[in-house]
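Line by line, the protein sequences are chains Y and X.
The working numbering numbers the first residue of the first sequence as 504 and each following residue consecutively.
The working numbering numbers the first residue of the second sequence as 504 and each following residue consecutively.
As structure tokens, the structure follows; a few thoughts come after it.
Number of protein chains: 2
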Amino acid sequence: MTQAITTQNQEKITAVKGLKCKECGAEYEAKAIHVCEFCFGPLEVAYDYDALRRSVTRESIQAGPNSIWRYRALLPVETDNPIDVGTGMTPLVRANRLARRLGLKKLYIKNDAVNMPTLSFKDRVVSVALTRARELGFTTVSCASTGNLANSTAAIAAHAGLDCCVFIPADLEAGKVLGTLIYGPTVMAVQGNYDQVNRLCCEVANTQGWGFVNINLRPYYSEGSKTLGYEVAEQLGWELPDHIVAPLASGSLFTKIYKGFQEFINLGLVADKSVRFSGAQADGCSPIAQAFREERDFVQPVKPSTIAKSIAIGNPADGIYALEVARKTNGNIESVNDAEIVEGMKLLAETEGIFTETAGGTTIAVLKKLVEAGKIDPEETTVVYITGNGLKTQEAVQGYIGEPLTIEPKLDSFERALERSRTLERLDWQQVLV
Amino acid sequence: MTQAITTQNQEKITAVKGLKCKECGAEYEAKAIHVCEFCFGPLEVAYDYDALRRSVTRESIQAGPNSIWRYRALLPVETDNPIDVGTGMTPLVRANRLARRLGLKKLYIKNDAVNMPTLSFKDRVVSVALTRARELGFTTVSCASTGNLANSTAAIAAHAGLDCCVFIPADLEAGKVLGTLIYGPTVMAVQGNYDQVNRLCCEVANTQGWGFVNINLRPYYSEGSKTLGYEVAEQLGWELPDHIVAPLASGSLFTKIYKGFQEFINLGLVADKSVRFSGAQADGCSPIAQAFREERDFVQPVKPSTIAKSIAIGNPADGIYALEVARKTNGNIESVNDAEIVEGMKLLAETEGIFTETAGGTTIAVLKKLVEAGKIDPEETTVVYITGNGLKTQEAVQGYIGEPLTIEPKLDSFERALERSRTLERLDWQQVLV
């Protein structure tokens with residue numbers, strides 16, 4: 504089922520050349536490091552694209568498993584037996600009803616709210632990071648998380664039999680805490696915001712010898728997000744869209760979707776095309792949107808305060824790279840307030856039957872805002888990335904979506920309730936008409 | 504992407520011959536009816552298997568979409584443009600760590616906890632029922648539900664632009680209520696148990712002219728569960744397993760997995776083979792398990808009282824057919840108590856990273872019980888069906904899975920907490936050893 508780029512005697516073969524500093528270009532071996540010794544720039548995985556061009560074809564990809572591992576040759580691991588729990592290949596849904604509501608013609612939802620196993624795009628990056636962690640000899644894995652990453656690290660570590668300790672802000676949504684504890688890891692609830700959690704984890708990474716998926720394993724981890732680019736291209740019939748809209752937290756997801764598209768062009772898997780990249784943030788934590796608006800080329804850290812906790816990163820590691828992508832592709836970065844986020848969640852659920860978390864509500868609300876501002880052309884093939892599931896942030900919509908009508912198990916009780924609800928609906932409509 | 508059994512001029516072609524009474528064999532047109540006029544037996548869809556044998560091959564299936572609609576020819580709809588939101592083709596996970604824990608050799612989890620769009624197997628039956636409802640001209644769809652079905656009906660109706668009114672028992676889990684309301688349907692919370700809800704809905708179905716997916720559309724609806732049989736056979740490389748374990752609520756799922764396997768044999772898609780069928784119920788609602796234990800050929804209705812609310816059907820419509828399948832395949836039907844259900848949920852999460860709801864906990868606990876009783880051979884290729892997601896029944900595990908360790912964002916606070924947790928673990932182990 505995995506791709507056939509290994510030799511018959513199962514020798515490890517990989518196109519990974521090593522790590523390379525994104526800023527100064529210094530090269531390193533593919534170990535558990537993430538910061539350049541010389542300039543403190545972030546390290547990124549470097550590949551031998553000439554070798555990949557010879558071995559990777561549409562057919563070789565399609566012959567692979569129905570998961571992110573169909574793109575194994577383009578991911579930074581050596582094994583041909585990666586941790587595969589069915590992650591990825593989530594549906595690309597043609598969203599006609601939402602499109603009509605917004606006045607667009609060709610809108611798609613890339614739905615990672617049903618990603619496997621823990622219902623967020625984080626399962627992609629964690630599958631890659633833990634596969635690499637195992638190769639590098641780690642027996643304990645860890646992360647600094649706003650919730651989804653903790654769910655994913657704990658779940659996939661459990662499946663793989665790795666010890667796990669995760670760090671979260673103490674004020675997370677109940678569903679995200681319980682959705683981590685269930686897998687039996689050690690959970691550290693830090694009294695502080697995500698940026699404080701992250702700083703603490705950087706210290707712990709230096710002392711404990713653990714594999715932190717988004718710290719010392721970050722170069723491998725972040726590559727997993729490229730699959731969100733690959734899959735959309737493949738699912739559109741080996742074509743790139745015209746415009747994508749994605750949420751911005753650290754900014755990594757955004758830049759890696761871009762990298763995924765560029766690699767597919769580079770390998771001749773899709774025709775060359777410029778794709779516009781637009782990013783979504785919550786007003787309560789919008790350092791990248793602010794920099795975009797003010798035409799700055801640096802990101803000023805902020806203190807987060809928003810219901811969109813999963814994207815509430817006040818000091819985004821890849822913020823400047825996300826800015827760069829939005830600018831050079833003629834995209835935009837916008838932010839919306841908490842009320843708009845809730846409306847975004849409801850809009851997506853009522854038109855498309857997709858229940859997303861606050862981050863997805865943010866993305867839909869920004870999509871709406873961009874359309875209304877004329878910043879998305881109705882003719883553009885637009886793909887919106889939905890990255891997490893609404894069952895994890897139930898608090899956000901409680902009180903904003905009505906209540907059931909309580910009835911007795913009798914026909915007349917039902918009929919009275921139905922009549923009442925229809926009357927209320929008519930009154931609602933009359934108010935709309937007035 | 505859909506299967507090519509339509510003619511070039513898009514004339515509707517289907518292998519459906521009509522409906523047929525399961526008891527007396529009386530035949531009916533394929534309309535919105537579910538009970539035989541003559542003997543009150545349940546109606547089932549009848550197909551022209553000779554025609555199907557000529558047109559359906561492994562290749563024609565594999566050329567279809569990556570959803571239940573790759574099996575469109577075997578489903579009771581006419582359109583070649585069904586409601587497809589990516590439902591089905593959920594992962595079949597090789598569960599090595601759970602297998603080792605239980606002493607089995609070849610165990611798989613069919614994971615519908617990540618089914619699309621609403622994280623339960625109900626998305627399969629609802630996709631089929633609403634596609635058929637649209638064909639039959641219904642504009643409002645409805646259901647009697649223990650929660651998952653309401654989630655699914657509301658979501659897929661939203662996507663398809665159908666009006667929706669669902670009926671649930673008033674005491675359902677918060678996640679299931681909210682996970683319905685978000686899509687904007689009318690929700691009737693009935694003060695009674697599921698069997699009372701169901702009786703009320705039978706009356707409403709006669710008066711409102713609505714399409715009730717599990718009442719007047721039940722013959723079509725229930726066929727959707729066959730895909731859980733088809734997919735497992737295809738995912739095992741066009742082979743049947745030796746033994747399956749699935750939860751029993753109405754009993755329909757169980758009998759339709761059986762029907763799916765039989766059809767694949769009949770069509771020559773897999774080799775003939777006998778598969779053992781074992782069923783799981785909760786002690787607090789185990790009418791089918793009781794009948795099995797007491798070797799009765801009738802099911803005595805019970806009043807449900809269990810945390811496994813999604814399978815708490817006291818008067819199961821297909822109970823006797825489920826009994827029949829278990830008996831003729833040399834399977835078993837077992838039940839477990841609420842504490843065992845919670846342990847089952849934890850066991851699956853800790854070994855495989857899959858967070859299932861109470862129904863899945865029931866199935867895992869029954870699996871364990873059957874293995875311990877020597878009723879599953881360690882050599883058997885065993886497939887366990889996990890039908891729903893744990894994020895919807897968070898109440899069930901709250902208080903049984905520990906708490907996070909709260910720390911300050913400082914290295915020494917973390918180190919003290921880690922030391923404490925390791926000491927507690929050692930004490931735990933010492934208690935185990937004493």
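Yeah, the Cβ is synthetic: ideal placement off N, Cα and C, and Gly gets one too.
Whole-angstrom distance between residue j and residue i, CA atom to CA atom
{"i": "A752(Y)", "j": "T643(X)", "result": "40 angstroms"}
{"i": "G740(Y)", "j": "G606(Y)", "result": "24 angstroms"}
{"i": "P594(X)", "j": "Y761(X)", "result": "19 angstroms"}
{"i": "E882(Y)", "j": "E797(Y)", "result": "29 angstroms"}
{"i": "L675(X)", "j": "E911(Y)", "result": "15 angstroms"}
{"i": "L894(Y)", "j": "G650(X)", "result": "14 angstroms"}
{"i": "S777(Y)", "j": "T590(Y)", "result": "28 angstroms"}
{"i": "T517(Y)", "j": "D775(Y)", "result": "26 angstroms"}
{"i": "T896(X)", "j": "L870(Y)", "result": "32 angstroms"}
{"i": "N584(X)", "j": "R637(X)", "result": "11 angstroms"}
{"i": "G754(Y)", "j": "I816(Y)", "result": "9 angstroms"}
{"i": "L914(Y)", "j": "R923(Y)", "result": "14 angstroms"}
{"i": "D800(Y)", "j": "V680(X)", "result": "46 angstroms"}
{"i": "S808(Y)", "j": "C788(Y)", "result": "6 angstroms"}
{"i": "L720(Y)", "j": "A632(Y)", "result": "6 angstroms"}
{"i": "V596(Y)", "j": "T926(X)", "result": "50 angstroms"}
{"i": "S645(X)", "j": "N709(X)", "result": "12 angstroms"}
{"i": "S874(X)", "j": "K831(X)", "result": "For the record, residue 874(X) in the displayed sequence is Val; it is not Ser. The straight-line gap from Cα to Cα measures roughly 20 angstroms."}
{"i": "M504(X)", "j": "V700(Y)", "result": "Unreliable positioning characterises M504(X) in this predicted model, as indicated by a pLDDT of 32, which lies under 50. A coordinate reading is not provided."}
{"i": "R575(Y)", "j": "V628(Y)", "result": "13 angstroms"}
DSSP three-state assignment for residue i, whether helix, strand or coil
{"i": "R796(Y)", "result": "helix"}
{"i": "G589(Y)", "result": "coil"}
{"i": "E581(Y)", "result": "coil"}
{"i": "H662(X)", "result": "helix"}
{"i": "L743(Y)", "result": "coil"}
{"i": "P790(Y)", "result": "helix"}
{"i": "E837(Y)", "result": "strand"}
{"i": "F780(Y)", "result": "strand"}
{"i": "K608(X)", "result": "coil"}
{"i": "Y888(X)", "result": "strand"}
{"i": "M504(X)", "result": "With a pLDDT of 32 at M504(X), under the threshold of 50, the modelled position of this residue cannot be trusted, and the question is left open."}
{"i": "N512(X)", "result": "Bear in mind that a pLDDT of 38 at N512(X), under 50, signals an unreliable position, so the number given afterwards is only what the model happens to contain. Reduced to three states, the DSSP call for N512(X) is coil."}
{"i": "C667(Y)", "result": "strand"}
{"i": "A529(X)", "result": "coil"}
{"i": "P807(Y)", "result": "coil"}
Buried or exposed (CB count within 10 angstroms, at least 16 for buried), residue i
{"i": "C527(X)", "result": "exposed"}
{"i": "S655(Y)", "result": "buried"}
{"i": "L930(Y)", "result": "exposed"}
{"i": "F541(X)", "result": "exposed"}
{"i": "P804(Y)", "result": "exposed"}
{"i": "E532(Y)", "result": "exposed"}
{"i": "A903(X)", "result": "This sequence places Tyr at residue 903(X); Ala is not what is there. With fewer than 16 other Cβ atoms within 10 Å, it is exposed."}
{"i": "E737(Y)", "result": "buried"}
{"i": "G771(Y)", "result": "exposed"}
{"i": "E562(X)", "result": "exposed"}
Among the options, the one whose alpha carbon lies nearest that of residue i
{"i": "Q793(Y)", "options": "N618(Y), I718(Y), L826(Y) and I867(Y)", "result": "L826(Y)"}
{"i": "P672(Y)", "options": "K625(Y), H746(Y) and K812(Y)", "result": "K812(Y)"}
{"i": "Y611(X)", "options": "E855(X), Q901(X), R923(X) and E860(X)", "result": "E855(X)"}
{"i": "D615(X)", "options": "V845(X), F917(X), Y888(X) and Y824(X)", "result": "Y888(X)"}
{"i": "F715(X)", "options": "T890(X), V669(X) and L756(X)", "result": "V669(X)"}
{"i": "A549(X)", "options": "F541(X), V802(X), S563(X) and E530(X)", "result": "E530(X)"}
{"i": "N618(X)", "options": "T866(X), D880(X), N892(X) and T885(X)", "result": "N892(X)"}
{"i": "L665(X)", "options": "I685(X), G640(X), A677(X) and G682(X)", "result": "G640(X)"}
{"i": "L921(X)", "options": "L577(Y), A661(Y), V707(Y) and K608(Y)", "result": "V707(Y)"}
{"i": "V828(X)", "options": "Y697(X), F795(X) and I810(X)", "result": "F795(X)"}
{"i": "I586(X)", "options": "P568(X), A602(X) and R600(X)", "result": "P568(X)"}
Assumed close pair residue i, residue j - CB separation to whole angstroms, cut-off 8 angstroms
{"i": "G727(X)", "j": "I571(X)", "result": "7 angstroms"}
{"i": "V580(X)", "j": "T621(X)", "result": "With 8 angstroms as the limit, V580(X) and T621(X) do not qualify as a contact, their Cβ atoms being about 20 angstroms apart."}
{"i": "G763(X)", "j": "T730(X)", "result": "7 angstroms"}
{"i": "K520(Y)", "j": "D553(Y)", "result": "The pair is not a contact, with the Cβ atoms about 11 angstroms apart (cut-off 8 angstroms)."}
{"i": "V900(X)", "j": "I685(Y)", "result": "6 angstroms"}
Proximity test, residue i beta-carbon vs the ligand FAD heavy atom, cut-off 8 angstroms
{"i": "K913(X)", "result": "The ligand FAD is absent from the structure shown, which contains no ligand whatsoever."}
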